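Asks: Position in the sequence shown counted from 1, then plus 5, gives you the working numbering.
Note that CB positions come from ideal geometry on N, CA and C, so glycine has one too.
Just so it is clear, the structure is predicted and the values come from calculations on it, not from any experiment.
One structure, pasted below without further comment.
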Amino acid sequence: MRRKRWSYLIACVVLAGGLAAPGTYTKVYAQDYENVEYVTSVSELRDSMDEADVVNSADVMDRGADVDAAAMYSSESADIYSLRRIILYTDEVPETYGATTVICYDKYDYYVLGYDTEEETKQAYEKLQEEYEPDKCMLDQVIYSEDVLADLDSNSYAAQRNVDAMLAASETYKAVSWGTRYMGMDRLKAEVSEYKLDAKVNVAVIDTGVNSSDTLFEGRINEEGSMNCCEGEDRSDYGDNMGHGSHVAGIIADATPDNVQLTIIKCFTSRGATTVSTVQQGIMAALDSGADVINMSFCFYGKNASDNTRSKLDELLKSAKEDGVIMCVAAGNTNSTVNNWEISDVEGVSYPADSSDVITVSGLMQKAGTEETADRISTDAVKFDDSYSYYGNAVDFSAPGTKITSAWKTGTNHGFSTSGTSMAAPHISAAAAYVKLAEPELDSDQLKNRLISYSVDLGTAGKDKYYGYGCPYMADYFANTFGGKHPETKVGTCAVESLGNAKDGLRLSWTSADNASGYKIYRKTATSAYKCIAEIKGLGVRTYTDKTAAAGIRYRYAVRGVNGTAEGQPAATKALVRLTQPKYNVKNAYSGVKVSWNKVKGASGYKIYRKAPGQNGWKQYKVLSAGTLTFVDKNVTNYRNYTYTVKAFKGTSASSYDTAGVRLYRMPGCKAKTVRSNSRKTMDVTWNKVRYVSGYQIQYSTSSKFDRYKVATINKSTKLRRRISSLFSGKYYYVRMRTYRRVGGKTIHGGWSSVQRIKVK
């Protein structure tokens with residue numbers, strides 16, 4: 006239920022200057038804004054945005070109909086403000102800088118701020134960027150379907166096919182897609198009743214909608230959770246005017262049984278466009294529906310994969326993974342504007358395919374003459390389709406993507422064929438749905454590892470950039486799951502990648518091991534064998550800090566990947582001496598700046614780093630032997646700032662260091678010119694003038710260690726002499742001097758001079 010929070014406006018009238026000058030901001034706080042609307046679902050959010058008096062994306066699409074989309078919405082164009090709205094992630098009610106509409110979806114700390122003009126949007130965005138990190142404040146923008154949907158032009162394979170003639174006979178379920186049969190999922194679909202699997206699995210398809218009249222979708226659509234997220238359109242109308250979403254959803258319906266329900270989230274208009282916030286809210290709607298698996302067969306390419314786009318979606322992708330929701334995405338397809346097909350390359354970047362929080366799928370084609378191959382994946386029957394599919398280290402799996410038959414925007418007989426990584430991703434979504442059906446307790450990493458264990462390696466041994474881990478063959482999955490024996494997992498090797506001294510221990514990182522669900526850390530010394538000191542569960546962490554490493558000892562580390570009882574072999578190892586971070590002090594001395602530090606066990610020396618005035622980075626300034634624990638820098642200019650830090654080393658091993666350093670304002674020294682006792686119980690001290698100081702201090706004591714002392718402070722306006730009275734007659738006194746200066750409200754002292762001794766009369 007939507008609700009509006011009404012709050013009192015507190016007006017402060019300031020006489021003689023209370024009016025804002027033209028062109029300046031009058032701050033408007035959302036907590037004092039009368040019409041902040043709070044919603045509890047994406048449907049309410051979209052309705053509120055439609056009802057609000059802000060520009061509609063459809064109007065922008067009309068206005069830009071004759072303009073090149075890439076140019077119109079490039080980051081260099083003023084039209085990035087054309088939707089006149091800003092998205093904020095914040096857990097506090099924000100300052101809006103003049104927003105006329107403020108809508109909040111509390112569940113995600115999600116605010117939509119609407120403005121009357123593009124100029125107001127621009128000014129507010131510039132102000133908000135100063136207050137929020139880039140991943141918390143972003144503009145909304147229009148994206149066109151031809152720039153994001155990961156299928157080929159439908160004319161490439163757009164002929165209606167006689168499905169029966171295309172498919173080989175099946176002893177079980179007569180699959181529509183050759184990919185369903187090829188991955189063994191037709192057999193699984195027929196075995197669901199045998200294993201009495203009556204649980205429900207929810208697969209959300211974020212796409213162009215669905216043609217619900219196709220017989221593939223009979224009884225399969227989760228009508229309660231499905232919705233249209235497009236602006237200005239009926240929330241309940243998730244029909245498909247483009248065909249892409251029907252084709253993608255049909256692949257999943259073909260490959261899975263009736264208890265795998267499809268939640269249809271329509272995010273593309275009939276004109277073939279969307280906004281990044283629409284996709285953002287589509288993911289929210291999928292999560293709100295309780296989705297177990299989310300399929301996104303679209304990609305943001307090149308400039309569309311901007312930081313602005315990523316900032317809107319990254320947190321949702323991460324949150325979904327942490328909650329155990331599997332997100333399968335298309336690797337991406339080549340198009341006329343992108344010639345480099347490597348997922349992570351700058352020119353051909355494909356997002357969210359390059360995210361570590363999703364499962365990325367490349368496309369396979371059947372080799373000529375293998376179209377009627379039996380239902381067993383063979384390395385001789387398929388190959389990576391390099392005519393369209395993106396590739397790269399981000400690819401996790403490959404799946405059938407070429408000449409896939411499924412549903413379309415019209416008709417009931419699911420006889421339309423097309424190609425693309427859009428078609429490959431739903432095959433893996435279907436495989437993930439089966440794992441969710443039989444093993445719902447598995448988290449995201451465990452489910453991915455389950456699919457890896459069933460994958461047929463189709464390329465270079467292990468994971469490669471074209472096939473990933475290969476293509477899962479699922480025919481035996483139920484039999485193995487309920488028979489208690491899955492395929493033996495072969496865990497790959499991993500190498501220690503880096504090892505260094507940290508403030509609290511020795512920190513190491515390592516490469517990922519194929520099929521690993523976690524890692525074991527091993528350590529040894531010159532006098533001891535390898536011993537497991539830690540076990541890391543999950544794939545998200547590949548760093549570890551050994552806080553038990555003793556100072557001065559050389560340790561060697563190795564890492565094994567593990568998956569259940571299976572363990573991989575360690576590859577490269579690394580060794581290093583544990584050196585603690587030096588504790589140091591920087592202060593003014595009489596003749597320069599004195600840096601001192603503690604002795605670090607095992608160190609053969611110390612390196613002093615300095616930043617001189619006007620210098621931004623650290624410069625190695627002095628190297629000292631292990632027996633030296635102080636250094637006076639005499640190459641300094643008075644009344645200038647210097648910054649120092651200290652690092653211990655032994656051979657090629659080095660300790661961590663204080664990256665901020667200690668900054669010191671250099672003050673000159675001052676020494677007594679004369680110290681005399683001319684009369685009983687007094688002494689007279691004189692000195693030379695030091696320019697620019699605020700004054701001087703004389704410290705005197707009957708102890709050479711100055712255990713107990715007194716200080717006489719002299720303003721610089723006073724004569725350069727001071728008589729000190731009430732001393733002990735016949736006693737020896739120790740005397741030293743220093744300068745001081747007041748800078749920025751602080752008093753900064755110079756270093757003490759050498760000590761002079763006098764016997765008082």
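#1: Should SER734 be labelled buried (16 or more other beta-carbon atoms within 10 Å of its own) or exposed?
#2: Can you tell me whether DSSP reads ILE558 as helix, strand or coil?
#3: With DSSP as the reference, label PHE5 as helix, strand or coil.
#4: Can you give me the C-alpha to C-alpha distance between SER46 and VAL98, rounded to a whole angstrom?
#5: Are the CB atoms of TYR738 and VAL765 within a distance shorter than 7 Å?
#6: Taking only the alpha-carbon atoms, compute the straight-line gap between ARG741 and LYS715 and give it to the nearest angstrom.
#7: To the nearest angstrom, how far is the alpha carbon of TYR5 from that of TYR356?
#8: Which residue from ALA195, LYS127, THR126 puts its Cα closest to that of ALA480?
#9: Who are the Cβ neighbours of ASP158 in its own chain at under 7 Å, not counting the five residues just before and after it?
#10: Going by DSSP in three states, TRP692 sits in which element: helix, strand or coil?
#11: If you drop the 5 nearest sequence neighbours on each side, which residues of the same chain put their C-beta closer than 6 Å to that of ASP519?
#12: Relative to the C-alpha of ALA554, which candidate in ILE269, GLY505, ILE541 has its C-alpha closest?
#13: Less than 6 Å between C-beta atoms, sequence neighbours within five positions excluded: which residues of the same chain meet that for ALA310?
#14: For GLY250, which residues in the same chain have their Cβ closer than 6 Å to its Cβ, ignoring the five residues on either side in sequence?
#15: For GLN134, which of ILE91, MET332, ASP663, ASN227 has the nearest alpha-carbon?
#16: In chain order, which alpha helix (DSSP H) runs of at least 4 residues are fully inside the stretch 453-515?
#17: Less than 8 Å between C-beta atoms, sequence neighbours within five positions excluded: which residues of the same chain meet that for SER241?
#18: List the endpoints of the continuous alpha helix (DSSP H) containing HIS252.
#19: Check whether the stretch 677-694 and the stretch 602-616 are in contact - that is, three or more C-beta pairs closer than 8 Å.
#20: Tell me the start and end of each unbroken alpha helix (DSSP H) in the stretch 418-454 that is at least 4 residues and wholly inside, in chain order.
#21: Would you tell me roughly how many angstroms separate the C-alpha atoms of ASP391 and THR415, rounded to the nearest one?
#22: Where do the N-terminal and C-terminal ends of the alpha helix (DSSP H) with ASP191 fall, by residue?
#23: In terms of alpha-carbon separation, which member of ILE538, ILE558, GLU125, MET672 lies closest to ALA594?
#24: My parser needs the beta strand (DSSP E) runs of 3 or more residues fully inside the stretch 638-681; what are they?
#25: From ILE299 to LEU369, what distance separates their C-alpha atoms?
#26: Please report the Cβ distance between VAL265 and ALA484, rounded to the nearest whole angstrom; I am assuming they are in contact, meaning their Cβ atoms lie under 8 Å.
#27: Starting from the Cα of LYS271, find the closest Cα among ASP462, ALA556, SER217, ARG696 and give me that residue.
#28: Answer yes or no: do VAL208 and ILE257 have a C-beta to C-beta separation smaller than 7 Å?
#29: Residues in its own chain within less than 8 Å of ASP663 by CB, not counting five upstream and five downstream?
#30: Could I get the ranges of all uninterrupted alpha helix (DSSP H) runs contained in the stretch 706-743, with 4 residues as the minimum, in chain order?
#31: If you reduce the DSSP assignment to three classes, tell me which class ASP551 lands in.
#32: What are the boundary residues of the alpha helix (DSSP H) that includes GLU100?
#33: Does DSSP classify LYS326 as helix, strand or coil?
#34: Going by beta carbon distance, what residues of the same chain come within less than 6 Å of TYR527, once the five residues before and after it are set aside?
#35: So, do the stretch 385-401 and the stretch 469-476 have three or more beta carbon pairs nearer to each other than 8 Å?
#36: Which partner residues of CYS5 appear in the DSSP bridge assignment?
Replies: A quick look at the data gives this:
#1: exposed
#2: In this structure, ILE558 counts as coil in the three-state DSSP scheme.
#3: Shown here, the chain extends from 6 to 766; a query on residue 5 therefore has no answer.
#4: 19 Å
#5: yes
#6: 11 Å
#7: For the chain, the structure presents residues 6 to 766; residue 5 sits outside this window and is missing.
#8: ALA195
#9: In this prediction, ASP158 has a pLDDT of 48, which is less than 50 and means its spatial position is unreliable; what the coordinates show is noted afterwards. There are no such residues.
#10: strand
#11: GLY467, LYS468, GLY497
#12: GLY505
#13: VAL354, TYR356
#14: ASP212, THR213, GLY214, VAL215
#15: ILE91
#16: 482-488, all fully within the stretch 453-515.
#17: MET232, ASN233
#18: 249-260
#19: no
#20: Within the stretch 418-454, the complete alpha helix (DSSP H) runs of at least 4 residues are 426-443.
#21: 30 Å
#22: 190-196
#23: MET672
#24: Counting whole runs of 3 or more residues, the stretch 638-681 contains the beta strand (DSSP E) stretches 646-655, 667-670, 677-681.
#25: 21 Å
#26: 19 Å between Cβ atoms; not a contact.
#27: When each option's Cα is compared against that of LYS271, the closest is SER217.
#28: yes
#29: GLN586, TYR589, THR650, VAL651
#30: none
#31: strand
#32: Premise fails: GLU100 is in no alpha helix (DSSP H) and is neither H nor E.
#33: helix
#34: TYR535, CYS537, ALA563
#35: yes
#36: Nothing can be reported for residue 5: it is not among the residues displayed for the chain, which extend from 6 to 766.
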